[in-house]
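In this note's numbering, the protein residues as written are 42 to 606. By construction, the Cβ of each residue, glycine as well, lies at the ideal position given by its N, Cα and C atoms. Nothing here was measured: the structure is a model prediction, and the numbers come from that model. Structure first, then comments.
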């Protein structure tokens, strides 16, 4: 059997979504209080475009109708300090309001000044010099200086850190203060995409001296320099941030110079999509993430709300395959899992034909994407059973395959609220002779389950704006606080590690493209993952919420310039 092509109805829906999203986001731009300087492009390597254009500026409001924004996300963070948080996108969403990055990137893939007002790099992209903004203060009143930036990079280099700074940890050679507003960062290898990486909300400049003083407690009571300060965290209920009245140094991406108009942001969390949607429709919250696919069309017709959606760059929704555990340590078993997976059925039954199938570890929006992978595996349960037979797995009396007295058992790990396809995948695998189970986890327990290396087929996805960030998902060291057991070992594992490090240092765009295509093919030839679908997500918010800015991945929202009309 071949993979079913998306229907004409699918393409008509997708076209309508993109048009609608473009119109919607153009009304959600930042609020200019003075003209902003022109943004600066990020060197030789341009990050990929998303399917939604950059935000546009609205007329500057004098005030906001309401001063409290309630944001309803799907998972409660485990930490909201940029140095210590594990990598959950929900953590980044909150931290983006508290901490500031050296640079910012908007949806047009333009780089703007942040805590760094200017920058330059050496020809080989190993030495980067940043001019640091003056007059910045930490939320506790301590001045933020060039030394603060050096302290941060040195802490990242020398200590265990989370997934954001963890992506740069191995490549930081040193940092030094040139003068009171200038920092020089030296790397052990070229990093042509450094600005794109530094624009990630997980790369906010953390307060290293504070983290040294209080340790893990910083994750529950963070201190940053951003437009909002931490107020309280009621575990299992909400996180509350309040306006930073001293914030006057904001990035020109926000097109404003004064403190935020909003006085408070409340983040609430529920893994139940219908719970979030019901709260929005009841007027209890202003913004919900991950709108249920089956409700997109209905909610869009409600005049009270704006619905936006975007194809997010990064690693598509997928399942890793643990190469160190039987039976997924066998190549034929891993390939059989891919052939047995009915992506088209998942897309139709779970996502209402509003997403596109994925074929490898990199989103198709990247110039490095390898389209030849689309012909590599088809949905073919007969082929899956043939591979299992060749590997010696024979049907047992209950239909589950057996070899050497052991059943063909695998456990799929679900992160509740993110991986609704896992039950279709479970049925697909059972149909060809697997005893497939689903372990449901959530937030921190999901990170713990995957990092434990005890499970065969954990579900995952990742959001990033540069192909070089594949390293954090595929290098054997894992990334930050999130090591995993799904990587290859021995010579083949060392080969993949070397390929990743070589590609992320490549300055020439054409050579870089080929190197990342080689990596994608290597991953799929070794059947290290089950591609499911491209990362499409939809959000809904009150129509009168204006001025927020969406970052270069299309996922993270900044509320520094938000207001209610």
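Per DSSP, the unbroken alpha helix (DSSP H) holding residue 192 starts and ends at 187–199. A direct Cα-Cα distance of roughly 15 Å separates residue 500 from residue 468.
Note that the stretch 479–490 does not touch the stretch 322–342; fewer than 3 beta-carbon pairs, one per stretch, sit closer than 8 Å.
About 19 Å separates the Cβ atoms of residue 146 and residue 139, ruling out a contact at the 8 Å cut-off. Judged by their CB atoms, residue 105 and residue 240 are not nearer to each other than the 8 Å cut-off. With a beta-carbon spacing of about 24 Å, residue 187 and residue 164 fall beyond the 8 Å limit used to define contacts. Look at the stretch 143–178 and you find these whole runs of beta strand (DSSP E), each 3 residues long or longer: 144–146, 152–154, 157–162 and 168–173. Here residue 581 is not near residue 374, since their CB atoms are 8 Å or more apart. DSSP places residue 531 inside the alpha helix (DSSP H), whose first and last residues are 531–545.
Our two residues, residue 432 and residue 473, have alpha carbons roughly 14 Å apart in a direct line. Residue 465 sits in a helix when the DSSP states are folded into three classes.
For the pair residue 247 and residue 322, the Cα-to-Cα distance works out to about 37 Å. In this structure residue 199 is exposed. Its beta-carbon is surrounded by fewer than 16 other beta-carbon atoms within 10 angstroms. Beta-bridge annotation (DSSP): residue 448 is paired with 443. Of the residues assessed, residue 514 falls on the buried side of the cut-off, its CB having 16 or more other CB atoms within 10 angstroms.
For residue 349, the enclosing beta strand (DSSP E) stretches over residues 346–352. The C-beta of residue 266 has 16 or more other C-beta atoms within 10 Å across all chains shown, which makes the residue buried.
With contacts defined by Cβ atoms closer than 8 Å, residue 347 and residue 115 do not form a contacting pair. DSSP, read as helix, strand or coil, puts residue 202 in coil. Here the stretch 288–295 makes contact with the stretch 592–602; the two share three or more CB pairs at distances below 8 Å. As computed with DSSP, residue 296 is found in no beta bridge at all. The three-state reading of DSSP puts residue 302 in coil, since its state is none of H, G, I, E or B.
When the five nearest sequence neighbours on each side are left out, the beta carbons in the same chain lying within less than 6 Å of the beta carbon of residue 377 are those of 425, 428 and 429, in order along the chain. One alpha carbon belongs to residue 359, the other to residue 242, and they sit about 23 Å apart.
Shown here, residue 334 sits in a helix according to DSSP, grouped into three states.
For residue 107, the secondary structure class from DSSP, reduced to helix, strand or coil, is coil. The residue among 386, 551 and 354 with its C-alpha nearest the C-alpha of residue 593 is 354. Residue 202 is positioned such that its CB atom lies closer than 8 Å to that of residue 124.
In the structure shown, the three-state DSSP call for residue 459 is coil. Bridge partners of residue 436 according to DSSP: 442. Here the stretch 215–233 lies against the stretch 543–550, with 3 or more beta-carbon pairs under 8 Å apart. Residue 504 and residue 438 have their alpha carbons spaced roughly 44 Å apart.
In this structure, the alpha-carbon of residue 249 lies about 46 Å from that of residue 394. A direct Cα-Cα distance of roughly 39 Å separates residue 194 from residue 103. From the listed residues 166, 157, 169 and 170, the smallest Cα separation to residue 176 is found for 157.
Annotation: the stretch 350–396 contains the following complete segments of the alpha helix (DSSP H) (minimum length 4 residues), in chain order: 372–381 and 384–390.
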